[in-house]
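Residue numbers (my numbering), protein chains in the order written: chain R, 1414 to 1618; chain Y, 1414 to 1618; chain G, 1414 to 1618; chain V, 1414 to 1618.
First comes the structure, then the notes that go with it.
Protein chains: 4
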Amino acid sequence: MTQQRRIGRPPAADDRDVRNALVDAAIELFGKSGYASTSIQDIATAAGVTKGALYHYFTSKDELLYTIYAPELQNHIALLLEALQMEAPAIDRLRKAASDIVEISATRIHRTAIFFESLSQLSEARQREIRRERRRYHELFASLIKDAREDGSIRAEPSPDIVIDFFFGAVHYLRTWYDIKGPISPTELGEIYADFLIRGLVDDR
Amino acid sequence: MTQQRRIGRPPAADDRDVRNALVDAAIELFGKSGYASTSIQDIATAAGVTKGALYHYFTSKDELLYTIYAPELQNHIALLLEALQMEAPAIDRLRKAASDIVEISATRIHRTAIFFESLSQLSEARQREIRRERRRYHELFASLIKDAREDGSIRAEPSPDIVIDFFFGAVHYLRTWYDIKGPISPTELGEIYADFLIRGLVDDR
Amino acid sequence: MTQQRRIGRPPAADDRDVRNALVDAAIELFGKSGYASTSIQDIATAAGVTKGALYHYFTSKDELLYTIYAPELQNHIALLLEALQMEAPAIDRLRKAASDIVEISATRIHRTAIFFESLSQLSEARQREIRRERRRYHELFASLIKDAREDGSIRAEPSPDIVIDFFFGAVHYLRTWYDIKGPISPTELGEIYADFLIRGLVDDR
Amino acid sequence: MTQQRRIGRPPAADDRDVRNALVDAAIELFGKSGYASTSIQDIATAAGVTKGALYHYFTSKDELLYTIYAPELQNHIALLLEALQMEAPAIDRLRKAASDIVEISATRIHRTAIFFESLSQLSEARQREIRRERRRYHELFASLIKDAREDGSIRAEPSPDIVIDFFFGAVHYLRTWYDIKGPISPTELGEIYADFLIRGLVDDR
DNA sequence: CATGAATGAGGTTTCATTCAT
DNA sequence: AATGAATGAAACCTCATTCAT
């Protein structure tokens, strides 16, 4: 009943930052296989520690996801605000915002996958919080489109919502095919995608 | 009031359509929650039968997924072949192919979600088979783009692969926002998206 | 990823009622070691099945506890109501109620232990329900004491609440020492305890 | 504003009383929630230190329990010996012993809970030791009853063992309802309980 | 003296699957 | 054709304990 246990912290182990190793492993695995299909054990193993160590740093699988998720959204918002505040014609600001989000999404491909796929896995409370921020992002982006529309540089159709859903679908999809080691750099891809977006929006003749 | 007793096979009701009920339930649940997050029990309950019944019709969860998955891909290919064989300028065939895939994806939104998300859940053998077919679809679509390019109706850049990945990202993403009961019909959406694609491809000036 | 499993229901097994076996095992183990110290595995093993079987019958450990707990309280209340409705002087009804609860508690010693010890382990909702019923029991018992007091057969002190807590402490404690195979039968013990109670209550001289 | 840096030992504050803080926290938590349901982490947190600190003072959870448990039993025995050695009629010594144990149990309610509930959680060796001491307590108490019986001041039935189990059940149960901030002081309660005991024992006529 | 990292065992629960009926 | 019982693996998580610092 009161049995002696001879376990505990092992004599040493290498020093590297275990927390970071866990986050990195989680990003890769959640990104590649999805949240639901990745087990805590998978992550711990990939990070070279035991499950117990993971729970030393994160109180739940959900919290680990949130730790990855939340700053990503903040990055996107910060990047968008930068573009918004540029001194340039509306259409150029829009182009910048579009190429930036593609560039960062291609660069951080696993995080991008997690970002688009795993929202529903968060706790209700955290989902609400994230949705609020996502809506804010969406509205900021929509305002860019409206600005460009008002100065006549792009056409009036379709609605900003559809444009955004169209474009962000393409961004989201990067995770399925884009390879950073391939011939196209994230920056180039950003330009190609932004170009595609703008061409789709400008009035022909 | 002598009550009829029915032993053995339960009351009947829908009778033979248990299989269909199971497939419908699976489509909805896989589509909404994802394959990994949907349990066999969820599906059986939604279809109003027991797990045992499900295993009477399908040998595994994987097979149920495949049953949903495979014909969808065949539909897509058939639709694409139709567009390819149209008697019309390349650019019109391309436009048709694009609007068709959007229309069908918006109409069958849960299947679309499954189609894009659940490939990796199939058995290795089935994945290989599906990937082969998907590649075929991709190449057929690419050939449409090349045709339009050759007759000079669209510009030479970017590569067909990128165009396809861009566009199909947008299609895939429909599952996250499109509501068939909303103001835009699948057909209208098909036109909007196809228009966007073509505008992105035609040479400016 | 989609790995074949070769497990499931075993070829036969003996027919006896597994659900009852599980409940019996749980009663014994919860009663002897307490709810917190008894694992689901312990119960399943004692019942000769696997954990999975247990979860086929009960959705949680909490529900298993409740399944044991709730009817016990109902038994106690029914027994008490019987005594209350007897045609006899108040003091005799009180004596009967007291000896009955001792008798049943001694007979069902593990359930008694669970009854007194495990309330706090139930879910909040179930605790509220049980507490309401327990309070009802307490008040019915108190009314017996008041009746006897009003006809002058017992003294006015101490308050019924204290008397009840005093006496039920003794009942509760049976689980720590009473052995049904020992020299004292539950019925005899009921008489001894009831006698003790009544003597403590009657006016001296 | 050169800020003092304190490396190593934290700021001090209570300083040496960490051990006491741990014991106090453990008493409260074991008493309220039970040994099995209280974690080492709970105790450390309640005491405002880390688990490591706890293990600095106690080699195991079991030892912490024993540290609380053992002196309590010694207190009880000491108190009982005092009553035994009083110069007074046997029945008065019995009454004193009874009211004393009630008073101390009501005063130290969490310890009382631990005392009666957690014996089985100790290691085998310690259980043996405690059981020996408990038996000694029991026999001393029984001798008091026998003394009173021999001088004819109480009746011959029931056996001292049953009387003790009856009475100590009531004492044990205090933990479930007694509130030291309520209207009854421990001393008053001691008198009420002792009175109840003696009344139950004296010969009627 | 005390912390914080880490462990391995074991806890509750879920789940795809099997099979007698 | 369909049920319901049962399985074993694996999921998430808790926890007492150890040890370098």
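Where is the CB? At the ideal position from N, CA and C, for every residue including glycine.
Proximity of residue i and residue j at Cβ, strictly below 8 Å
i                            : j                            : result
alanine 1583 (chain V)       : alanine 1583 (chain G)       : yes
isoleucine 1481 (chain V)    : alanine 1434 (chain V)       : no
alanine 1459 (chain G)       : leucine 1467 (chain G)       : no
isoleucine 1504 (chain R)    : alanine 1561 (chain R)       : yes
glycine 1447 (chain R)       : histidine 1523 (chain R)     : no
leucine 1614 (chain Y)       : valine 1576 (chain Y)        : yes
aspartate 1455 (chain Y)     : leucine 1442 (chain Y)       : yes
isoleucine 1558 (chain V)    : proline 1571 (chain V)       : no
leucine 1486 (chain Y)       : isoleucine 1543 (chain Y)    : yes
leucine 1532 (chain G)       : isoleucine 1514 (chain G)    : no
leucine 1587 (chain Y)       : threonine 1525 (chain Y)     : yes
phenylalanine 1579 (chain G) : phenylalanine 1581 (chain V) : no
Start-to-end residues for the alpha helix (DSSP H) that takes in residue i
i                         : result
leucine 1535 (chain V)    : First-last for leucine 1535 (chain V): undefined, no H or E at that position.
isoleucine 1611 (chain R) : 1599 to 1614
serine 1474 (chain R)     : At residue 1474 (chain R) the sequence reads lysine, which differs from the serine that was named. Per DSSP, lysine 1474 (chain R) belongs to the alpha helix (DSSP H) from 1474 to 1497.
threonine 1451 (chain G)  : Threonine 1451 (chain G) -> no alpha helix (DSSP H), and no H or E assigned at all.
alanine 1510 (chain V)    : 1503 to 1520
proline 1573 (chain G)    : 1573 to 1590
alanine 1466 (chain G)    : 1464 to 1470
Integer-rounded CB distance, given that residue j should sit under 8 Å from residue i
i                         : j                       : result
alanine 1519 (chain Y)    : tyrosine 1591 (chain Y) : 5 Å
isoleucine 1490 (chain V) : arginine 1549 (chain V) : 7 Å
serine 1450 (chain R)     : alanine 1449 (chain Y)  : 5 Å
arginine 1432 (chain Y)   : tyrosine 1470 (chain Y) : 5 Å
Proximal residues to residue i (C-beta, below 7 Å), its chain only, five neighbours per side dropped
i                        : result
valine 1436 (chain G)    : Thr1480, Ile1481
histidine 1551 (chain Y) : Ile1577
Close Cβ partners of residue i (< 6 Å) along its chain, the five nearest in sequence each way excluded
i                            : result
isoleucine 1611 (chain G)    : Arg1508
leucine 1497 (chain Y)       : none
phenylalanine 1528 (chain G) : Glu1485
proline 1599 (chain V)       : Glu1516, Ala1519, Thr1520
aspartate 1616 (chain R)     : Arg1568
glutamate 1546 (chain G)     : Leu1486
aspartate 1564 (chain V)     : Ala1503
histidine 1585 (chain G)     : Phe1529
lysine 1594 (chain Y)        : none
Sequence-distant residues of its chain with Cβ nearer than 8 Å to residue i (five each side left out)
i                         : result
lysine 1464 (chain Y)     : Ile1453, Gln1454, Ala1457
alanine 1569 (chain G)    : Arg1562
leucine 1553 (chain G)    : Ile1490, Leu1493, Leu1494, Leu1497
methionine 1499 (chain G) : Asp1505, Arg1506, Lys1509
valine 1462 (chain R)     : Val1431, Ala1434, Leu1435
isoleucine 1475 (chain G) : The sequence shown places aspartate at residue 1475 (chain G), not isoleucine. Only Gln1534, Leu1535, Ser1536, Arg1539 meet the Cβ criterion.
leucine 1478 (chain G)    : Ala1439, Phe1443, Tyr1448, Ile1527, Ser1531, Gln1534, Leu1535
asparagine 1488 (chain V) : Ile1517
serine 1556 (chain R)     : Leu1497
Distance cut-off 7 Å: residue i Cβ against heavy atoms of the ligand PLP
i                      : result
leucine 1492 (chain V) : In the structure on display, the ligand PLP does not appear, and there are no ligands present to speak of.
### Message
Going residue by residue through the segment 1540 to 1565 of chain G, where are the continuous beta strand (DSSP E) segments of at least 3 residues, counting only ones entirely within it?
### Response
none
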